[in-house]
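Inspection log for the structure reproduced underneath, given as structure tokens.
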Amino acid sequence: MENPAESPVDLAKLRETFTDLGAPAVFRELITVFLRDTPERLAALRRAAAAGNARAVRFAAHTLKGTCGYLGAQGLVRICGELEALSGAGPVAPDLPLLAELEAEFRRVQAALEHELGEMPG
Amino acid sequence: MRVLVAEDDALARRVLTSVLEGLGHEVTATPDGREAWGAFEQHSFPVVISDWMMPDLDGLELCRRIRRADRTRYTYVILLTALGGKAHYLEGMEAGADDFLTKPLDADELRVRLRVAERILGLQAEVRQLEGLLPICSYCKRIRGEKNEWTRMEAYIASRTDATFTHGICPECKETLVQPQIDRLRRPPG
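And the structure:
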């Protein structure tokens, strides 16, 4: 089991990339956009699963996995990876337990990122 | 360098674009393979960096199209992938990719891979220049062709271009070559 006290994100690398570029504002913007857009992407995943569209689930999970990788959100990466593998293997059930897990993990990530944003200057 | 980016994930696209611009490259960023292909058809890009998995037209197909396009200048293609494994690697190579980068992208890795791209593109340009060198006879100015045959310059150029020659004499040759002959002929015998 993962330690619940441990941060669900690791922003060190992304922060370093934008600090090196002299563009810390972009770093902040990326997190803001992630927080703004992800709920809709999760909803789209739910809709695709409800419609039994395995291909759409696979694509959405794959893309979200990529995004989460940049934020060092390893829990989300793992769940997205499992969703991607599952939906690549055959038809998907409309009420995938993995979706609930994904949403719960996103809430943890959301809280951690909002906290990070609060700590950031500007 | 001019770099064409194809990446459907907005965050990944922004990171890639920022890093590339930070390295001093001129970036055209597109959100999918189809738009990237449209941009490629309009302009030439020495480097294309494309995500592998994209809806509609994916990175592999984009790569195949670029290879089929048969441009005079080589395009160096880097595929971005979260997918690992030998099978994927081979599939990418078959499609004509030059290199691979895994996501999440590492800025330092991208920088050094682009240096390789620049080196390869530089060598390509050099080869093209060497191919453009024409061996020419210093005396009669005939040119050596691909089959080792020596051809008059007019014939050589005429057979490879739309140019046709009309013959005349330039003022310098008239003075140094033609006029002395006329003078010699006009000189009274004896």
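Protein chains in written order, with this note's numbering: chain G, 1 to 122; chain B, 1 to 190.
We put the beta carbon where it would ideally sit given N, CA and C, even for glycine.
Neighbourhood of residue i by C-beta, 8 Å cutoff - its chain only, sequence neighbours within 5 removed
{"i": "B/Gln181", "result": "none"}
{"i": "G/Met1", "result": "Legend: pLDDT at G/Met1 = 46, less than 50; position of this residue unreliable, value from coordinates given subsequently. For G/Met1, where only same-chain residues beyond five positions count, there are no Cβ hits under 8 Å."}
{"i": "B/Arg113", "result": "Ile78, Asp99, Leu101"}
Contacts around residue i, its chain only, beta-carbon distance under 7 Å, and the 5 residues preceding and following it disregarded
{"i": "B/Glu61", "result": "Gly33"}
{"i": "G/Asp10", "result": "Gly72"}
{"i": "G/Gly81", "result": "Lys65"}
{"i": "G/Arg180", "result": "Here chain G has residues from 1 to 122 only, and residue 180 of chain G is not among them."}
{"i": "G/Phe123", "result": "Residue 123 of chain G lies beyond the stretch modelled for chain G, which goes from 1 to 122, so this question has no answer here."}
{"i": "G/Thr38", "result": "Phe106"}
{"i": "G/Arg47", "result": "none"}
Interface residues of chain G facing residue i [CB-CB closer than 7 Å]
{"i": "B/Gly22", "result": "Leu21"}
{"i": "B/Asp9", "result": "Thr63, Gly66, Thr67"}
{"i": "B/Met53", "result": "His62"}
{"i": "B/Pro104", "result": "Gly69, Tyr70"}
Residue range of the beta strand (DSSP E) that includes residue i
{"i": "B/Phe100", "result": "99-102"}
Those residues which DSSP pairs with residue i across a bridge
{"i": "B/Val77", "result": "B/Val48"}
{"i": "B/Ala6", "result": "B/Thr30, B/Ser50"}
{"i": "B/Trp37", "result": "Bridge partners of B/Trp37: none, in fact."}
{"i": "B/Glu144", "result": "The amino acid occupying residue 144 of chain B in the given sequence is Arg; Glu does not appear at that position. In DSSP, B/Arg144 forms a bridge with B/Trp150."}
{"i": "B/Ile136", "result": "B/Ile143"}
Beta-carbon gap between residue i and residue j smaller than 9 Å
{"i": "G/Val92", "j": "G/Val57", "result": "yes"}
{"i": "B/Leu80", "j": "B/Leu105", "result": "yes"}
{"i": "B/Leu23", "j": "B/Ile49", "result": "no"}
{"i": "B/Arg2", "j": "B/His43", "result": "yes"}
{"i": "B/Phe100", "j": "B/Ile78", "result": "yes"}
{"i": "B/Pro31", "j": "B/Ala6", "result": "yes"}
{"i": "B/Gly145", "j": "B/Tyr156", "result": "yes"}
{"i": "G/Leu45", "j": "G/Leu99", "result": "yes"}
{"i": "G/Leu124", "j": "G/Leu76", "result": "Limits of chain G in this structure are 1 at one end and 122 at the other, which puts residue 124 of chain G out of reach."}
{"i": "B/Gly96", "j": "B/Trp52", "result": "no"}
{"i": "B/Arg111", "j": "B/Val19", "result": "yes"}
{"i": "B/Thr151", "j": "B/Ser159", "result": "yes"}
{"i": "B/Ala29", "j": "G/Thr67", "result": "no"}
{"i": "B/Asp108", "j": "B/Pro55", "result": "no"}
Endpoints, the alpha helix (DSSP H) within which residue i is located
{"i": "G/Phe23", "result": "Per the sequence shown, the amino acid found at residue 23 of chain G is Ala instead of Phe. First-last for G/Ala23: undefined, no H or E at that position."}
{"i": "G/Val109", "result": "97-119"}
{"i": "B/Thr176", "result": "Where B/Thr176 is concerned, there is no enclosing alpha helix (DSSP H), given that its DSSP letter is neither H nor E."}
{"i": "B/Tyr156", "result": "153-160"}
{"i": "B/Glu94", "result": "86-95"}
{"i": "G/Val9", "result": "Here G/Val9 belongs to no alpha helix (DSSP H), and DSSP marks it neither H nor E."}
{"i": "B/Asp70", "result": "Looking at the DSSP string, B/Asp70 is not in any alpha helix (DSSP H), and its letter there is neither H nor E."}
{"i": "B/Ala82", "result": "Careful: B/Ala82 lies outside any alpha helix (DSSP H) and carries neither H nor E."}
{"i": "B/Arg128", "result": "107-131"}
{"i": "G/Gly90", "result": "Taken as a continuous stretch (DSSP letters only), G/Gly90 belongs to no alpha helix (DSSP H), as it is neither H nor E."}
{"i": "G/Gly72", "result": "Counting along the chain, G/Gly72 falls outside any alpha helix (DSSP H), and DSSP gives it neither H nor E."}
Chain-order list of residues whose beta-carbon lies under 6 Å from that of residue i (same chain, five-residue window excluded)
{"i": "G/Ser7", "result": "Ala112"}
{"i": "B/Ile136", "result": "Ile143"}
{"i": "G/Leu83", "result": "Ala61, Leu98"}
Proximal chain B residues relative to residue i, where beta-carbon distance stays under 8 Å
{"i": "G/Leu11", "result": "By Cβ distance, chain B contributes nothing, its closest Cβ being about 12 Å from G/Leu11, past 8 Å."}
{"i": "G/Arg30", "result": "It should be noted that the sequence gives Leu, not Arg, for residue 30 of chain G. Per Cβ cutoff of 8 Å: Leu11, Arg14, Val15."}
{"i": "G/Val26", "result": "Arg14, Ser18"}
Proximal residues of chain B, C-beta to C-beta of residue i below 7 Å
{"i": "G/Phe34", "result": "Leu11"}
{"i": "G/Phe59", "result": "Pro55"}
Interface partners of residue i on chain G, CB under 8 Å
{"i": "B/Val19", "result": "Thr17, Leu21"}
{"i": "B/Arg82", "result": "The sequence given here places Ala at residue 82 of chain B; Arg does not occur at that position. Under the 8 Å cutoff, chain G gives His62, Lys65, Gly66, Gly69."}
{"i": "B/Ala117", "result": "Here the premise fails: no neighbours, minimum Cβ distance about 20 Å."}
Contact with chain C by residue i, beta-carbon distance below 9 Å
{"i": "G/Leu99", "result": "Here chain C cannot be found, since the structure's protein chains are G and B."}
Contact list for residue i against chain B, beta-carbon separation under 9 Å
{"i": "G/Val109", "result": "Those do not exist, as G/Val109 stays about 13 Å from chain B at its closest Cβ, beyond 9 Å."}
Beta-carbon neighbours of residue i, restricted to chain G and to distances below 9 Å
{"i": "B/Ala36", "result": "Result: empty, since nearest Cβ-Cβ is about 16 Å, beyond 9 Å."}
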